[in-house]
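Numbering (this note's numbering), first residue to last: 60 to 471.
C-beta atoms are modelled at their ideal positions from N, C-alpha and C, and glycine is treated no differently.
Quick caveat, the model's predicted, so the values are computed rather than measured.
Inspection log for the structure reproduced underneath, given as structure tokens.
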């Protein structure tokens, strides 16, 4: 029965038993819906460009009409009218040209939005992966401490039964077991939560036994100007703002076209068939020429549209400026975090090394009766604090790098 349940679980749920951060990103970029939506928005905008190109083509219109007049004092009259009309816009204040430019710039906006979406998804996947890695390392560390606490408890209980330890020492060692058992449960919950976030992006199932094969980032900090230059060069959102500004400029020019006349070239051929009583008449006609129309007044609508578009243009400029300032601030924040971590990393590595040696020596001394339980528990707490701080620092370094990568467009 158990084998059947396991087989059903494997068939219906895709379980990953080992996963690298590169594999997680690849799966997420392939499966996540936001990316598919952004891809379609790019395709939709391409159709807008094709539609804008249509304004440069001649317009051919066929029309047909039928009328029946039945007066009281004369014979019925029936009329059939067919017309084929061709029009071609010669000038409209560059409206069509600006419309095409707007569509092209908006395509650039959609393409950079797609790149930004991929960039954000990759960053979120990596962030969840390394959070899970941090919690797994802490969980495994607490598992080792739990096993050590059980061993100490059994040893202390044996000493108590031999009359070489106090009952309070047995209780203290048992409390230590329960403490690390509780810590394990807490970190297991944190680990599963992070793996759930990872599953959300990759559409795969992970559990506590999933091996996370990638390790934290190595601290290799470059000069701050390097990250600033990469931001200017590669950030997709910044490129998107550049295209938004160009699109807004084209819309501003397009709004000016309302103040200009429109000139069209036209030509038409028509045929009218009329029947009245017993008489029939056929009329063929053709016409061609140039038409000019100019809106001289429409309640200041064109002027208001132009002023509104001008405000939108200035807003776009300020939005770009705000984005640049915010990004430079974020680069400085994450860069300073890494500078601080660089100093702290050396200290914490030494502290963990010393704490491990102290705990090992104190454990040996306790077993030989040269150290008491309080000294052993204190050494373990010092090791725990130092080790957890070091693991947290490794993750903090990695997350700061991820944020710098995201700002500089370097995730994918």
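Tell me the residue span of the beta strand (DSSP E) that contains residue i.
| i | result |
| --- | --- |
| residue 147 | 136-150 |
For the candidate residues the options, whose alpha-carbon lies nearest to that of residue i?
| i | options | result |
| --- | --- | --- |
| residue 311 | 468, 124, 156 and 102 | 156 |
| residue 283 | 79, 375 and 466 | 466 |
| residue 150 | 414, 320 and 404 | 320 |
| residue 269 | 194, 340, 141 and 223 | 194 |
| residue 373 | 307, 120, 105 and 386 | 307 |
| residue 382 | 299, 369, 127 and 431 | 299 |
| residue 378 | 437, 302, 468 and 146 | 302 |
| residue 419 | 129, 440 and 187 | 440 |
| residue 463 | 255, 416 and 387 | 387 |
| residue 350 | 147, 113 and 267 | 147 |
| residue 189 | 274, 229, 129 and 231 | 274 |
| residue 175 | 244, 370, 96 and 288 | 96 |
| residue 209 | 255, 233, 332 and 121 | 233 |
| residue 452 | 431, 415, 434 and 407 | 407 |
| residue 327 | 136, 415, 144 and 88 | 144 |
| residue 413 | 446, 359, 93 and 83 | 446 |
| residue 291 | 468, 367, 117 and 309 | 468 |
| residue 114 | 405, 409, 256 and 323 | 323 |
| residue 178 | 93, 405, 252 and 368 | 93 |
Between which two residues does the alpha helix (DSSP H) holding residue i run?
| i | result |
| --- | --- |
| residue 339 | Where residue 339 is concerned, there is no enclosing alpha helix (DSSP H), although the beta strand (DSSP E) it sits in stretches over 338-352. |
| residue 207 | 154-220 |
| residue 439 | 432-466 |
| residue 265 | Counting along the chain, residue 265 falls outside any alpha helix (DSSP H), and DSSP gives it neither H nor E. |
| residue 303 | 295-315 |
Where does residue i fall in DSSP's three states?
| i | result |
| --- | --- |
| residue 274 | coil |
| residue 381 | helix |
| residue 109 | helix |
| residue 63 | With a pLDDT of only 49 at residue 63, under 50, the local geometry of the prediction cannot be trusted, and the value read off the model is given with reservation. Three-state result, residue 63: helix. |
| residue 79 | coil |
| residue 258 | helix |
| residue 281 | coil |
| residue 363 | helix |
| residue 469 | coil |
| residue 290 | helix |
| residue 405 | helix |
| residue 225 | coil |
| residue 429 | coil |
| residue 87 | helix |
| residue 357 | coil |
Who are residue i's beta bridge partners in DSSP?
| i | result |
| --- | --- |
| residue 327 | 144 and 346 |
| residue 332 | 139 and 341 |
| residue 233 | In DSSP, residue 233 forms no bridge with anything. |
| residue 118 | 146 |
| residue 126 | 138 |
| residue 421 | Answer by DSSP bridge pairing: none, since residue 421 is not bridged. |
| residue 322 | 150 and 351 |
Q: Specify whether the segment 391-400 and the segment 446-464 touch according to this definition: at least 3 beta carbon pairs, one from each stretch, less than 8 Å apart.
A: yes
Q: Could you tell me whether the segment 303-323 touches the segment 149-163, using the rule of 3 or more Cβ pairs below 8 Å?
A: Flag = yes, the segment 303-323 and the segment 149-163 touch.
(Q) Using a Cβ distance threshold of 8 Å, determine whether the segment 255-262 contacts the segment 178-187, with at least three qualifying pairs required. (A) Yes, since at least three Cβ pairs between the segment 255-262 and the segment 178-187 fall closer than 8 Å, the two stretches touch.
Q.
Whether or not the segment 413-433 and the segment 211-230 are in contact is what I'm after, with contact meaning three or more pairs of Cβ atoms, one per stretch, closer than 8 Å; do they touch?
A. yes
Q) Within the chosen definition, does the segment 230-249 reach the segment 196-205 through at least 3 CB pairs nearer than 8 Å? A) Flag = yes, the segment 230-249 and the segment 196-205 touch.
Q. Should the segment 220-232 be called in touch with the segment 161-172, which here means at least 3 C-beta pairs below 8 Å?
A. With a cut-off of 8 Å, the segment 161-172 and the segment 220-232 do not count as touching, because too few Cβ pairs lie within range.
Q) Between the segment 287-302 and the segment 327-347, do at least 3 Cβ pairs fall closer than 8 Å? A) Flag = no, the segment 287-302 and the segment 327-347 do not touch.
Q) Quick one: any contact between the segment 96-106 and the segment 166-176, if contact means 3 or more CB pairs under 8 Å? A) Segments in contact, yes.
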